[in-house]
Amino acid sequence: MGDGAKPRRSRPLVVRYIALMTAVAVVLVALFGWMSYQEQSRHMEEQMLAEARILEKSVRATWDFIDYEQPNINYDRDGTYNFKGLYCSLVGKSVGKLFTLSTDGRYTLRYTRLDPRNALDAPDEFEQRALDAFYHEGASEYTGFVNAADGSREYRYVGAIYLTDSCLECHGAPAGELDVTGFPKEGLSAGDIGGAVSISMPTDLYQAGINRNTVLIIGFFVLFLTITFLASLLFFRRRVTEPLTSLEAAVEQMGQGNFSTPVPEGGYSREVDELVQGVKAMAGELDSLYTTLEEKVGSRTRLYREANEMLEEQRAALARTNELLEQTNGKLAQENEYRTNIVAILSHELRTPLTSILAFVDLWEASGEEHSPESRECLEKIKTQSQVLLEMVNNALDMVRVESGALEFARDPVDVTDLAAVTVGAVGPIAEQKGVGVDFAIAREVPLIRGDWAQLEKILTNLLSNAVKFTGAGGMVWLKASYDGRRRELTLAVEDEGIGIAKERQEGIFDRFVQADASISRKYRGSGLGLSLVKKTAEALGGSVSVESEPGRGSTFTVTLPVTPIEEDEDEDSHC
13 MGDGAKPRRS RPLVVRYIAL MTAVAVVLVA LFGWMSYQEQ SRHMEEQMLA
63 EARILEKSVR ATWDFIDYEQ PNINYDRDGT YNFKGLYCSL VGKSVGKLFT
113 LSTDGRYTLR YTRLDPRNAL DAPDEFEQRA LDAFYHEGAS EYTGFVNAAD
163 GSREYRYVGA IYLTDSCLEC HGAPAGELDV TGFPKEGLSA GDIGGAVSIS
213 MPTDLYQAGI NRNTVLIIGF FVLFLTITFL ASLLFFRRRV TEPLTSLEAA
263 VEQMGQGNFS TPVPEGGYSR EVDELVQGVK AMAGELDSLY TTLEEKVGSR
313 TRLYREANEM LEEQRAALAR TNELLEQTNG KLAQENEYRT NIVAILSHEL
363 RTPLTSILAF VDLWEASGEE HSPESRECLE KIKTQSQVLL EMVNNALDMV
413 RVESGALEFA RDPVDVTDLA AVTVGAVGPI AEQKGVGVDF AIAREVPLIR
463 GDWAQLEKIL TNLLSNAVKF TGAGGMVWLK ASYDGRRREL TLAVEDEGIG
513 IAKERQEGIF DRFVQADASI SRKYRGSGLG LSLVKKTAEA LGGSVSVESE
563 PGRGSTFTVT LPVTPIEEDE DEDSHC
């Protein structure tokens, strides 16, 4: 907010209260109206179901009466059987037609069944669904609301009719034989479904009642909320907003330095009274503070001046300290560069003659001349120790490169299977001399990746060399690779059956110049740089390395690296 701009005044509390209560009232009225409507609709459905059941039971009572009186109807006084053509289904359908006519067609009551003897008894779509439910789901009633042809809503009720023993005279066995009415029998049994009573009832009167009751209930609820709201608003204005407005005016006068401004008395509510007493106490304290303000301002000004002088002195001292730190950092950078150069020069000067020594030994071995066993043993030791020393020099040089950040990583196609075969083949001769087996297993899901072959080879060569070094004759070393497609991570694990590492020594095993203990260093040799180089190279590639080991049972070193499969990489390039 810029200088001179007036702060935006918020809306009065009464306005906010009215808006809040209006919103609450609207929500409550809508919710209450909806709940009332739903409850009345449920009661309407229950009432219509009860009425339909009563009508259905009335028709069945007529049906049962005709069925019961069949002997009296069809036998003459002399005991002669004389079928009069008056049977239960005919009477039931006739009663339904008379009932429908008596209600001017608003209510309909009819009999229906599958494969009806009379085409007029064929079921409509709703009745067909009801009969399917009776036959396939075991239901005895089927109800629902449907739209009539004139667009009005109707309540439909269909109740199943089960055959009794007396019904079998017309509908029982044998199937196909003509019954007394001239229709072929269906071969049904007692308890089978013989048809259904279908009742249609209009819902307009019920719906009108629901609408009228809902309007009356909502109107009463709105009236109740309005009276409650007006009463609470009046109370709120008299007991809260008016005293707060008076307090606001008094506080404004105090803000202008008039601390003797009268504050309204209490008698409103406990909270407002406490606020009034607090404002009065604040006015008294402000008056007391104002009388000594000039003296305190002068004292504080003097203290601020002294503090500023001390800050200036501290700034000067801090500047001198920063200058010394810059000089020290420059010297440290020079010393670090000097150390790096010395190590690189020494590594280079050592690696060249060591490479020459190994080449001369290879030439000597390939010369084909006869040599004494002592000479061969000496030269074999020279070759072995030279290889160990060359490995140390290479690790030292690689460590310098990694720590200086001079490494640049390639993104070439890498076949992990080929990489494993090359690294296992490289350590194979040393393992064979010790009587240690070396092999690799690559999971089927490992894809072709893009990566730095040389750095991956260094990681695996260091881990495999260590595993062979610390595994005794008859032991086994495995290189295993797997791939997590969801995380796009390649896992390389080197397992051995060597001496293992104690739990308390595993934490620092990846530090420089660290081995399991002094006796191991003396027995197995080594600079202690291999695992540190593995860790730093893996981290430079964005991955990590971990170890699981148990003394006497061997170790497992696991390297996890983020990689890009060749197929994905090619797809990304094609979209560029």
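If you read the sequence shown in the numbering used here, its first letter stands for residue 13, the second for the next number, and so on.
Every residue gets a Cβ at the ideal spot worked out from N, C-alpha and C, and that includes glycine.
Given the structure is predicted, the values throughout are model-derived calculations rather than measurements.
Annotation: residue 546 to residue 577 spans about 23 angstroms, alpha carbon to alpha carbon.
Inclusion of residue 476 and residue 435 in the CB contact set at 8 angstroms is warranted, their separation being smaller than that value. Counting the other Cβ atoms within 10 Å of the Cβ of residue 290 gives fewer than 16, which makes it exposed. From the listed residues 318, 38 and 187, the smallest Cα separation to residue 235 is found for 38. Judged by pairs of C-beta atoms under 8 angstroms, the region 547-563 touches the region 463-472, as three or more such pairs exist. Per DSSP, reduced to three states, the secondary structure at residue 133 is helical. The beta-bridge partner set that DSSP reports for residue 60 is empty. Assigned with DSSP and collapsed to three states, residue 574 falls in strand. Counting only runs of 4+ residues, the alpha helix (DSSP H) found wholly inside the region 179-231 occupies 180-183, in chain order. Non-local beta-carbon contacts of residue 494 in its own chain, meaning distances under 6 angstroms to residues more than five positions away in sequence, involve 455 and 503 in chain order. Considering only 40, 227, 492 and 160, the residue with the shortest C-alpha distance to residue 241 is 40.
Of the other Cβ atoms in all chains shown, fewer than 16 fall within 10 Å of the Cβ of residue 47; this residue is therefore exposed.
Taking residue 132 as reference, the option from 56, 105, 334 and 49 with the minimal CA-CA separation is 105. A straight-line Cα-Cα distance of about 13 angstroms links residue 343 and residue 335. If you draw a straight line from the Cα of residue 555 to the Cα of residue 464, it comes to about 13 angstroms. For a cut-off of 8 angstroms, the C-beta gap from residue 155 to residue 168 is around 7 angstroms, short enough to register as a contact. Between residue 170 and residue 139, the C-beta spacing is below 8 angstroms.
Distances from the CA of residue 226 to each of 209, 88, 115 and 43 were compared; the closest alpha carbon is that of 43.
Only residues of its own chain outside the window of five on either side were considered, and among them none has a CB closer than 6 angstroms to the CB of residue 201. The alpha carbon of residue 574 has as its nearest neighbour, out of 423, 516 and 108, the alpha carbon of 423. At a Cβ-Cβ threshold of 8 angstroms, residue 447 and residue 509 do not count as neighbours.
The DSSP-derived three-state label of residue 34 is helix. Look at the beta carbons and you see the region 206-226 not touching the region 188-196: under three pairs across the two are nearer than 8 angstroms. Using a Cβ distance threshold of 8 angstroms, residue 215 and residue 166 count as a contacting pair. Taking 4 residues as the shortest admissible run, the region 450-504 contains the following complete alpha helix (DSSP H) segments, listed from N- to C-terminal end: 465-481.
At a Cβ-Cβ threshold of 8 angstroms, residue 185 and residue 199 count as neighbours. Here the C-alpha atom of residue 452 lies approximately 23 angstroms from the C-alpha atom of residue 553. Within the same chain, and ignoring the five residues on either side of residue 68 in sequence, the residues whose Cβ sits closer than 8 angstroms to its Cβ are 169, 171, 209 and 211. Judged by DSSP in its simplified three-state form, residue 448 adopts coil rather than helix or strand. Counting along the chain, residue 542 sits inside the alpha helix (DSSP H) bounded by residues 542-552. Taking the Cα positions, residue 122 is about 44 angstroms away from residue 233.
One alpha carbon belongs to residue 111, the other to residue 120, and they sit about 7 angstroms apart. Judged by beta-carbon spacing, residue 449 lies within the 8 angstroms limit of residue 488, meaning their Cβ atoms are closer than that value. A Cβ-Cβ separation of about 6 angstroms places residue 53 in contact with residue 222 under the 8 angstroms criterion. With respect to the C-alpha of residue 458, the residue from 75, 562, 428 and 375 having the closest C-alpha is 428.
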